[in-house]
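*Asks:* Residue numbers (mature numbering (1 follows the signal peptide of the UniProt record, and there is no 0)): -19 to -1, 1 to 337.
No residue lacks a Cβ here, since even glycine has one placed at the ideal position from N, Cα and C.
None of the values given here were measured: they were computed from a predicted structure.
Below is the structure I would like to discuss, written out as structure tokens.
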Amino acid sequence: MKLLYRTITLLFGISITSARSTSSVIIPPATSNGPTHTEFIASSKSLNSPKIFNVQPTMYGQAWSFDAISSKDPFYSIFAVFSASPEYASVNNTLDVFIYVQAGPDKVYTAISKFAEFAELNTHGNGTSGIWKGTGCSFSASEDMSTMTVHFTHPFEITGSVVLRAVAPPHYPCSPADIGASMEFLPHFGWNNAFPDAKTNVDLKVNGTQVKFEDGIGYQDLSWADTSLEDVFEHYIWIHGRLGPYSIVVWFITGSDGTQKTSGYVSKDGELLSTPCSGVTIETEAAAPNSTIGPIQSFSVEIPFENQVIVANLTVNNVLINESNLVHGTGIIRGGVKDGRMDYSGSAAFEHLTSV
């Protein structure tokens, strides 16, 4: 089954858009063995528009991920994924949504949608909105990508909204979000980060209980691959957080061939300072055996920027997901500028995964 378009369409479903154009893409629920087109070079400023056209059964596909942590208490957080991925779901039903909600110590709620009839992605200007039809789950973005709202309604078990207001500019793995830049982090694996940091309001109802915080540190990215994740990497670590005026994002990936790659991001008061792919370091401290927080209890990070270095230490406080090879959680991050002010602290999220 091929993708359907309502605007300019070329062979294999490649949509050409301008910065102010409008386009619509329908993603079918099942995979197909037909021709695939994958975007790894940025052709527009619409970071959240689909990047794979026609997902085959052996591919990871693509996933839109959302994250928010209370800046006052990392025991309050959410993590949600809108997937178009046979690896998340199945080859016949690739479209679903899942969410984890942390509402205090030892209070983790989760919901998984039924499979969507289809997903509709509409891009207006630079902003992309998505509806996973029949799930009650959607997201909508402003044309300038300054805000994004995630909606959860019936029949989804958790209802309410998450509103992100950008406080940091977007980026690609090793560059600002410029047209013509590479979005390919590893061979066949693309990633971009439309919201590295956002002031976020969370207002959800879970089992009749309201989970609400208005001081959230929000985040949103899109990942995609035209092969399986097992063929992309063996291991990765991902972290995002806020240290005083600084917003940071960091990746450490070991590819399936053993190659190690890093990516860092630093902005201050909304100004992009650095997007390095060299000089970024992550060190980990192992947790006690059989720990409830997973195998790692802390991360130490260094990210270079403008002849300076951000130094940060993330202490794991809480884990939302600890399943098989995946751990996703939150904690307190402390640090600052090396040889400068080092007394900043804030909330952060992390994830580490080993491919199987």
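1. I want to know whether the segment 208 to 220 touches the segment 97 to 113 - three or more CB-CB distances under 8 Å.
2. If you compare alpha carbons, which of A293, Y69, A70 is closest to M323?
3. Quick check: what's the CA-CA separation for G312 versus N14?
4. Between S27, F60, K32, which has its C-alpha nearest I302's C-alpha?
5. Have a look at the DSSP bridge pairing and note the partners of F286.
6. Starting from the Cα of L185, find the closest Cα among F133, R146, W219 and give me that residue.
7. Skipping 5 residues on each side, what residues in its chain have a beta carbon closer than 8 Å to that of C258?
8. So which of S66, E215, G197, Q201 has the shortest CA-CA distance to S121?
9. Please return the same chain residues whose Cβ sits closer than 8 Å to the Cβ of V213, not counting the five positions on each side in sequence.
10. In the DSSP assignment, what residue or residues form a beta bridge with G42?
11. With H, G and I counted as helix, E and B as strand and the rest as coil, what does DSSP make of D196?
12. Which ranges does the alpha helix (DSSP H) cover as unbroken runs of at least 4 residues, wholly within the segment 22 to 82, from first to last along the chain?
13. Quick check on E101: does DSSP put it in helix, strand or coil?
14. Span of the beta strand (DSSP E) holding P86?
15. Taking F280 as the reference, which of G317, L295, S248, G189 has the closest Cα?
16. Excluding the 5 residues preceding and the 5 following V318 in the sequence, name in chain order all residues of the same chain whose CB lies nearer than 6 Å to its CB.
*Replies:* Looking at the atomic coordinates:
1. no
2. The count along the sequence shown starts at 1 and reaches residue 323 at position 342. That would be A293, whose Cα lies nearest to the Cα of M323.
3. Translated into positions along the sequence shown, residue 312 becomes position 331. Translated into positions along the sequence shown, residue 14 becomes position 33. Cα-Cα distance, rounded: 42 Å.
4. Counted from its first residue, the sequence shown places residue 302 at position 321. Closest by alpha carbon: F60.
5. For this step, residue 286 is matched to residue 305 along the sequence shown. Paired residues: Q289.
6. Looking up residue 185 in the sequence shown gives position 204. L185 has its Cα closest to that of F133, out of F133, R146, W219.
7. On the sequence shown, position 277 is the one that residue 258 refers to. The answer, listed in chain order, is P154, C155, K242, T243, S244, G245.
8. Position 140 of the sequence shown holds residue 121. Comparing Cα positions, the closest option is Q201.
9. Along the sequence shown, one-based indexing puts residue 213 at 232. For V213, where only same-chain residues beyond five positions count, the Cβ hits under 8 Å are Y41, L167, P168, H169, F170, A206, G236, S237, S336.
10. Here residue 42 refers to the residue found at position 61 when the sequence shown is read from its first residue. According to DSSP, G42 bridges with A206.
11. Taking the first residue of the sequence shown as 1, we reach residue 196 at position 215. It is a strand residue.
12. none
13. In the sequence shown, counting from the first residue as 1, residue 101 sits at position 120. It is a strand residue.
14. Here residue 86 corresponds to residue number 105 of the sequence shown, with the count starting at 1. Element bounds for P86: n/a, residue is neither H nor E.
15. To locate residue 280, count along the sequence shown from 1; it is residue 299. It is L295 whose Cα lies nearest to the Cα of F280.
16. Along the sequence shown, one-based indexing puts residue 318 at 337. Around V318: Q289.
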